[in-house]
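Residue numbers for the sequence shown, in the working numbering: 7 to 435. Idealized CB from N, CA, C, for every residue including glycine. Everything numeric in this text was worked out from a predicted model, so none of it was measured. Okay, so here's the structure we're looking at.
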Amino acid sequence: MSSLINKTTGLQKLIRPLVRSSLVPLVYLRTYYTVKRKIEKDENFLSKYLYNKIKVKGPITVADYMKDVLQNPTRGYYMSKDMFGEQGDFITSPEISQIFGEMIAVWLLNEWHKMGSPKPLQIIELGPGRGTLSSDILKVFTHFKALHKSSLHLVEISPVLSEVQAKTLCMQNNLTKNPKNLYYREGIAHHGIPVYWYRQLQDVPQGFSLILAHEFFDALPIHKFHKTYAGYKEVLIDIEDSKSSEEISFRYVLARQDTPMLKTLLKPTETRDHVEISPEAMLIYEQICKRIVSHGGIGLICDYGHNGSGTDTFRAFKKHKQVDPLLKPGTADLTADVDFNVIKEIATKNGNIICLGPIIQRSFLLRIGIEYRVKALVENMKDEKQIENLKHCYDFLTNESKMGDRFKFCAMFPSTIKKILDKYPVIGF
Ligand SMILES: C[S@@+](CC[C@H](N)C(=O)[O-])C[C@H]1O[C@@H](n2cnc3c(N)ncnc32)[C@H](O)[C@@H]1O
């Protein structure tokens with residue numbers, strides 16, 4: 007522990023006051039708001055919808071399938087429920103312990119200070135889930151009196167989750183009815199700053215921004231390609247011939263012709279047996295880079311992912327177990343690993359962005375001093391149970407067999423600040 011502490015002395019100045027502050031981790035004992043919607047329960051709604059769609063149009067792409075399953079306006083997986091935590095389908099790092107969000111906040115503060123703490127400051131989070139990460143970040147920024155002339159911008163497609171986020175973050179909020187507004191919800195955070203909700207990043211105002219995406223890109227639709235003796239073919243989803251009209255099931259098939267996406271997305275140099283590409287994610291990487299180059303800022307992406315070597319990663323999670331993504335669509339989360347190589351290629355193609363990483367979560371958190379923060383907190387705790395809890399959370403976040411190795415971090419900076427970064431390198435990478 008001590009050797010790592012020594013390497014993080016720059017951050018210690020920021021971490022130490024947190025120890026004395028009231029920011030004691032709630033660990034597992036977070037209290038959550040749940041928002042219930044009256045939606046008629048029909049687990050087969052999406053199966054029937056997709057069955058009819060495929061009957062009329064023929065087999066659909068995996069991207070089309072993902073979009074319908076996750077984003078269908080009324081029954082999409084993300085659109086009608088809160089799926090986080092022990093009772094849900096999965097748990098994410100910010101939900102495990104508030105030390106995760108605090109460490110991210112301290113990292114952001116540190117890097118933003120090096121840039122001269124430009125104001126006004128926009129904090130943008132893509133896919134904020136329950137709003138927990140943003141909430142933990144605002145707490146730390148408030149503590150360091152860094153929220154003057156700041157605003158929070160959340161990009162969220164789910165009406166239900168936007169409501170949960172508003173309850174987590176705001177003392178007051180309301181849906182906006184003015185069609186001229188690009189945001190659909192607005193509020194005032196407990197920390198006093200304005201909060202806005204958008205359906206897409208391009209609607210967020212331009213300006214110096216700290217842009218975060220934690221477990222967002224893995225939820226975006228992907229196209230799947232498979233190498234055959236006759237070259238690459240796009241993988242499509244078709245209806246499985248079923249025994250009875252009540253039993254709808256789906257299967258993978260290969261497109262006979264070269265699809266438009268195969269022609270545009272697949273590189274001629276590709277060699278992998280299975281390739282997954284998300285054009286939607288690529289578009290958003292471009293938008294993040296453009297914002298950072300034109301208006302200044304920092305991008306931080308954290309997700310499941312690989313370095314261009316990943317193959318068949320499309321999968322589903324239900325009640326914390328991996329399940330068949332084609333089974334009972336809409337009842338499980340669908341995900342595919344993020345290709346960090348693509349992020350790097352897009353970010354660095356014009357030489358305007360410095361792109362660091364990917365680095366595994368364990369290394370990132372250790373390098374930015376999580377051990378120091380946990381050690382200091384433990385020293386200030388008396389309750390053995392609380393200490394055990396904290397250690398358990400720390401292990402969950404950093405152990406390589408848990409979240410420590412599965413998740414990777416990548417950061418983006420405008421290359422105009424190269425001289426500053428040469429003198430004061432970015433911590434954590
Ligand atoms: C896996 S959850 C991650 C939540 C949160 N970042 C966390 O780590 O706890 C994905 C989030 O992205 C949102 N989301 C998924 N697809 C989206 C899209 N196309 N545009 C905006 N938000 C989206 C979901 O509603 C959800 O809030």
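Discussion item. Let me check you understand the geometry: is the CB of Glu-101 closer than 7 Å to at least one non-hydrogen atom of ligand 1?
Written reply: yes
Item to complete: Please determine if the stretch 236-250 and the stretch 81-95 are in contact, where contact requires at least 3 C-beta pairs separated by less than 8 Å.
Response: no
Discussion item. Quick check: what's the CA-CA separation for Tyr-189 versus Lys-391?
Written reply: 43 Å
Worksheet item: Within 7 Å: the Cβ of Tyr-3 and any heavy atom of ligand 1?
Response: No information on residue 3 is available, as it lies outside the stretch 7 to 435 that the chain covers here.
Worksheet item: Candidates Met-121, Thr-317, Arg-297: which alpha carbon is nearest Arg-278's?
Response: Ranking the options by Cα distance to Arg-278, first place goes to Thr-317.
Worksheet item: Roughly how many whole angstroms lie between the Cα atoms of Lys-59 and Phe-231?
Response: Straight-line Cα distance between these residues: approximately 22 Å.
Discussion item. So for Ala-322, helix, strand or coil by DSSP?
Written reply: strand
Practice prompt. Kindly confirm or deny that the stretch 361-369 and the stretch 327-339 touch, where touching means at least three C-beta pairs closer than 8 Å.
Written response: Two segments are said to touch when three or more pairs of C-beta atoms, one from each, lie closer than 8 Å; by this definition the stretch 361-369 does not touch the stretch 327-339.
Worksheet entry | Proximal residues to Gln-171 (C-beta, below 8 Å), its chain only, five neighbours per side dropped | Pro-134, Gly-135, Arg-136, Gly-137, Ser-140, Leu-160, Glu-162, Trp-203
Practice prompt. Would you decide whether Thr-275 is buried or exposed? Buried here means 16 or more other CB atoms lie within 10 Å of its CB.
Written response: exposed
Discussion item. Does Leu-332 come out as helix, strand or coil in the three-state DSSP assignment?
Written reply: coil
Worksheet item: Is the Cβ-Cβ distance between Pro-65 and Ile-243 less than 8 Å?
Response: It is a contact, given that the beta carbons lie within the stated cut-off.
Worksheet item: Which stretch, first to last residue, makes up the beta strand (DSSP E) that contains Val-259?
Response: 255-260
Worksheet entry | Any non-hydrogen atom of ligand 1 closer than 7 Å to His-220 Cβ | At least one heavy atom of ligand 1 is nearer than 7 Å to the Cβ of His-220, so yes.
Worksheet item: At which residue ranges does the stretch 58-116 contain complete alpha helix (DSSP H) runs of 4 or more residues, listed in the order of the chain?
Response: Listed in chain order, the alpha helix (DSSP H) elements of length 4 or more contained wholly in the stretch 58-116 are 68-77, 99-102.
Worksheet item: What does Tyr-204 pair with, by DSSP beta-bridge criteria?
Response: Val-161
Practice prompt. Would you check whether ligand 1 has a heavy atom nearer than 7 Å to the C-beta of Ala-111?
Written response: no
Worksheet item: Given a threshold of 16 other Cβ atoms within 10 Å of its Cβ, counted over all protein chains shown, does Cys-176 qualify as buried or as exposed?
Response: buried
Discussion item. Tell me which residues share the same chain as Arg-412 and place their Cβ nearer than 7 Å to its Cβ, disregarding the 5 neighbours each side in the sequence.
Written reply: Closer than 7 Å at Cβ, skipping near neighbours: Tyr-310.
Worksheet entry | Contact the stretch 71-81 vs the stretch 111-129: 3+ CB pairs below 8 Å | no
Practice prompt. Taking only heavy atoms of ligand 1 into account, decide whether any of them is closer than 7 Å to the Cβ of Gly-133.
Written response: yes
Practice prompt. Work out the CA separation of Pro-100 and Met-89 for me, nearest whole Å.
Written response: 14 Å
Fill in: Residue of Phe-346, Gln-104, His-398 minimising C-alpha distance to Cys-467
Since the first residue of the chain shown is 7 and the last is 435, residue 467 is not available in this structure.
Practice prompt. Report whether the distance from the Cβ of Tyr-84 to the nearest heavy atom of ligand 1 is below 7 Å.
Written response: Closer than 7 Å to some heavy atom of ligand 1: that describes the Cβ of Tyr-84.
Practice prompt. Quick one: using the 10 Å Cβ neighbour count with 16 as the cut-off for buried, is Val-384 buried or exposed?
Written response: Within a 10 Å sphere around the beta-carbon of Val-384 sit fewer than 16 other beta-carbons, which makes this residue exposed.
Worksheet item: Between His-229 and Phe-320, what straight-line distance do the alpha-carbon atoms span, to the nearest angstrom?
Response: 10 Å
Worksheet entry | Other residues of its chain near His-220: CB distance less than 6 Å, five sequence neighbours each side excluded | Leu-139, Cys-308
Fill in: Gln-293 beta carbon near ligand 1 (any heavy atom closer than 7 Å)
no
Discussion item. Can you tell me where the alpha helix (DSSP H) holding Thr-270 begins and where it ends?
Written reply: 266-271
Practice prompt. Give the straight-line distance between the Cα atoms of Ile-393 and Ser-103, rounded to the nearest whole angstrom.
Written response: Just so you know, the alpha carbons of Ile-393 and Ser-103 end up roughly 13 Å apart.
Practice prompt. Please find out if some non-hydrogen atom of ligand 1 comes closer than 7 Å to the beta-carbon of Thr-319.
Written response: no
Worksheet item: For the putative contact between Gln-128 and Ser-157, defined by C-beta atoms under 8 Å, what is the C-beta separation to the nearest angstrom?
Response: 6 Å
Item to complete: Closer than 8 Å by C-beta to Asp-95: which residues in its own chain qualify, once you throw out the five before and the five after it? Chain order, please.
Response: Met-89, Phe-323, Lys-324, Lys-325, His-326, Ala-338, Asp-339
Worksheet item: What are the boundary residues of the alpha helix (DSSP H) that Lys-381 is part of?
Response: 376-385
Item to complete: Excluding the 5 residues preceding and the 5 following Pro-124 in the sequence, name in chain order all residues of the same chain whose CB lies nearer than 7 Å to its CB.
Response: Excluding sequence neighbours, Pro-124 sits near Phe-214, Gly-302.
Discussion item. According to DSSP, Ser-156 sits in a beta bridge with which residue or residues?
Written reply: Leu-127
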